[in-house]
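In our numbering, the protein residues as written are 2 to 274. Here the structure comes first, spelled out in structure tokens, and everything after it is commentary.
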């Protein structure tokens with residue numbers, strides 16, 4: 002009897018060839034038929050034969066071993082079956098680093114079967130917080146997906162494969178943390194308006210990765226007075242206010258919110274003559 006094995010594993014078909022008196026028949030040529038494919042095998046010194054092959058058909062596999070006969074012996078055929086089950090799978094997922102809000106997180110890993118065979122060009126499902134992305138593994142079974150984060154706190158990732166006729170389904174889970182992101186407020190220009198005491202301050206508001214943050218309120222402090230400016234679609238803010246004669250101290254910053262940290266740019270000086 003041939004025990005049940007799994008897809009892509011090796012099966013060994015073996016037996017002994019003898020006559021009706023129990024005499025082993027050595028060096029005899031036999032035909033082995035597995036699911037319609039024929040192989041030539043030969044018995045050894047003890048009448049033993051064996052043949053090892055990698056199985057590729059899930060379900061019941063049919064085996065026939067036959068002898069064609071000669072001047073001394075009649076033809077003989079023996080039949081048996083063995084079962085091949087679906088193979089198990091392995092998805093390894095690389096460590097997912099803590100990520101700032103609005104930044105891209107990279108989810109990557111490797112897809113293989115339980116024998117270690119990599120399964121290239123397979124479609125893996127990556128589900129992040131309920132949204133599913135289809136990701137194709139490369140020829141080495143490696144998959145990578147970059148996704149923009151938008152949920153603070155613990156984020157849940159499920160990486161899965163639905164299975165097919167040869168492989169069982171698999172699912173594995175990971176989590177990673179999303180924290181408030183750091184920001185930068187710059188001053189790109191600060192100048193006096195002609196001969197007046199007005200000054201115009203212009204700058205840009207981005208997160209630490211350089212992503213522009215539009216429609217955001219920037220704090221502009223001239224000496225001890227605080228004003229507010231709003232960034233446009235390009236993350237640019239501009240504000241014109243009256244300053245005092247002499248040296249003025251200008252500080253710009255962002256007060257922060259649930260997604261972004263507070264930030265203050267070191268003070269700048271401008272002199273009004």
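Yeah, the Cβ is synthetic: ideal placement off N, Cα and C, and Gly gets one too. Just so we're clear, the structure is a prediction, and the values are computed from it rather than from any experiment.
Problem - the segment 70-77 touching the segment 47-54, judged by at least three CB pairs closer than 8 Å - result: no
Practice task
Compare the C-alpha of residue 81 against each of 97, 91, 61 and name the closest.
Solution key: Reading the chain shown from its first residue, position 80 is the one you call residue 81. Here the closest residue by C-alpha is 61.
Problem - Sequence-distant residues of its chain with Cβ nearer than 6 Å to residue 105 (five each side left out) - result: The residue given as residue 105 occupies position 104 in the chain shown. Excluding positions up to five away in sequence, the list reads 147, 149.
Exercise for the section: Within the same chain, show all residues whose beta-carbon is closer than 6 Å to that of residue 190, passing over the 5 residues directly before and after it, in chain order. Expected result: The residue labelled residue 190 in the question sits at position 189 within the chain shown. Hits under 6 Å: 203.
Practice task
Quick one: using the 10 Å Cβ neighbour count with 16 as the cut-off for buried, is residue 88 buried or exposed?
Solution key: Here the question's residue 88 lines up with position 87 in the chain shown. Answer is buried; the Cβ neighbour count reaches 16.
Problem - Range of the contiguous beta strand (DSSP E) that encloses residue 135 - result: In the chain shown, the residue the question calls residue 135 occupies position 134. Residue range 132-137 is occupied by the beta strand (DSSP E) that includes residue 135.
Exercise for the section: Could you give the DSSP three-state label for residue 1: helix, strand or coil? Expected result: Outside the modelled stretch of the chain, which goes from 2 to 274, sits residue 1, for which no answer is possible.
Practice task
State the beta-bridge partners of residue 79 as determined by DSSP.
Solution key: Within the chain shown, the letter at position 78 stands for residue 79. Residue pairing for residue 79: DSSP places it in a beta bridge opposite 66.
Practice task
Quick one: using the 10 Å Cβ neighbour count with 16 as the cut-off for buried, is residue 47 buried or exposed?
Solution key: By one-based count along the chain shown, residue 47 stands at place 46. Residue 47 should be labelled exposed.
Exercise for the section: Could you work out which residue in 7, 127, 262, 157 is closest to residue 145 when comparing CA atoms only? Expected result: Within the chain shown, numbered from 1, the residue matching residue 145 stands at position 144. Looking at the Cα atoms, 127 is the closest of the given residues.
Practice task
Could you check what DSSP says for residue 13 in three-state terms: helix, strand or coil?
Solution key: Along the chain shown, read from residue 1 onward, the residue named residue 13 stands at position 12. Residue state, collapsed to three classes: strand.
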